[in-house]
Amino acid sequence: MALDNIRLEVMQTVEKSVQGFIDQYLIPVDEIWQPTDMLPNLQDDKGFDEVHQIREEAKELGYDFWVVLVADMVTEEALPTYESWLMDMEGVEQHGAKRGEQNAWAKWVRHWTGEENRHGDTLNKYLYLSGRVDMKEVEKTTQHLINDGFDIGTGRDPYRNFVYTSFQELATNISHKRVGQLAKKKGNKMLGKMCNIIAGDEMRHYMAYREFVKTIFEHDPSEMMLAYVDMMKKKIVMPAQFIRESGQGIAEAFENFSNAAQRLGVYTTYDYIDILKKLNGYWEIDKMRSLTDEAEKARDYLMALPDRMTRIADRIAIPQDQHKFKWVEANGTI
15 MALDNIRLEV MQTVEKSVQG FIDQYLIPVD EIWQPTDMLP NLQDDKGFDE
65 VHQIREEAKE LGYDFWVVLV ADMVTEEALP TYESWLMDME GVEQHGAKRG
115 EQNAWAKWVR HWTGEENRHG DTLNKYLYLS GRVDMKEVEK TTQHLINDGF
165 DIGTGRDPYR NFVYTSFQEL ATNISHKRVG QLAKKKGNKM LGKMCNIIAG
215 DEMRHYMAYR EFVKTIFEHD PSEMMLAYVD MMKKKIVMPA QFIRESGQGI
265 AEAFENFSNA AQRLGVYTTY DYIDILKKLN GYWEIDKMRS LTDEAEKARD
315 YLMALPDRMT RIADRIAIPQ DQHKFKWVEA NGTI
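Quick note: the sequence shown uses the numbering used here, first residue 15, plus one each step.
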């Protein structure tokens, strides 16, 4: 049987469990929080007092903080790119066998998208109300990021895609959680709560995607291992790798945003390494047997990779110079 056919067969087998994953890891619309639960209610006069509170508390947050929060929000707002990418995976069909039916994988992608959509919505409204960023420049960046798309090295392969989403969902959990902690330390309880709750969603999504990979390992261990090692050799790139400001070329803003995140300790090279360790451990790749020779070499590479990356990370200095973004003035105000 051709390799692609084996992958398709595995996806069809795992598909039978997808509804269970939806029930376990996603929350029905009428039960989950919505952005308005986090933000001032402007239908109530008290809402304007809360907006004033947001603006006052926002003054305590530093320049790098605003850069990171903007980039996090823009990353979330580029959701159309992520949905179209996942819908294009092998094994995901837009429609079921009968009219009106949904392919279970497509149903997962749509429901996951519905949950993720609330994150950008919430942070976008917060940034607008804070008065601390140039929203038109931010909006241009968002539109550029959607226009530019992304290339994360997965192609249409579900194995590689699920390695990516497992890794990336945990990375966004860490980033949102740390931003929330920083906000709370500065007395901004509202923003701290928003980021913490968003981080909770990302954790649920991470738990689902790592389960997809674990299930695939049970059915096709050698090919899943080779897909995993291929993604780690390429390195997991961030969804916002092509982020740019107005007037810039593709990806010109990413390095400066990444440096700001590292200076703040929001997301660092060591977090990347820690995620790799967590995935190696959860998938128990050290215990896998009956692998092809090539897959065994891949497993050994993956087990040694965290230590190798740590040695490299220890030698890398984080740039301390702040880049002046169009999104945020140097003093954090517009």
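Glycine included, every Cβ here is placed at the ideal spot set by N, Cα and C.
Note that this is a predicted model, so its numbers are computed, not measured.
- Contact annotation: residue 127 and residue 97 have beta-carbon atoms nearer than 8 Å.
- Annotation note: the region 278 to 336 contains the following uninterrupted alpha helix (DSSP H) runs of length 4 or greater, listed N- to C-terminal: 283 to 296, 307 to 327.
- At a Cβ-Cβ threshold of 8 Å, residue 339 and residue 88 do not count as neighbours.
- The way I'd put it, the region 244 to 251 doesn't touch the region 208 to 225; fewer than three beta-carbon pairs between them come closer than 8 Å.
- As summarised for the region 193 to 258, the continuous alpha helix (DSSP H) elements at least 4 residues long and confined to that stretch are 203 to 233, 235 to 248, given in chain order.
- DSSP places residue 68 inside the alpha helix (DSSP H), whose first and last residues are 60 to 72.
- Within the model, the alpha-carbon separation for residue 171 versus residue 304 is close to 23 Å.
- In the structure shown, the three-state DSSP call for residue 124 is helix.
- Closest by C-alpha distance to residue 307, out of 195, 22, 239, 91, is 239.
- For residue 330, the CB contacts under 7 Å within the same chain, skipping 5 residues up- and downstream, are 283 in chain order.
- Taking 8 Å as the cut-off, the beta carbon of residue 200 is found closer than this to the beta carbon of residue 74.
- Taking the Cα positions, residue 316 is about 18 Å away from residue 230.
- Contact between the region 179 to 187 and the region 219 to 228 is present: 3 or more CB-CB pairs across the two stretches fall below 8 Å.
- For residue 45, there is no enclosing alpha helix (DSSP H), since its DSSP letter is neither H nor E.
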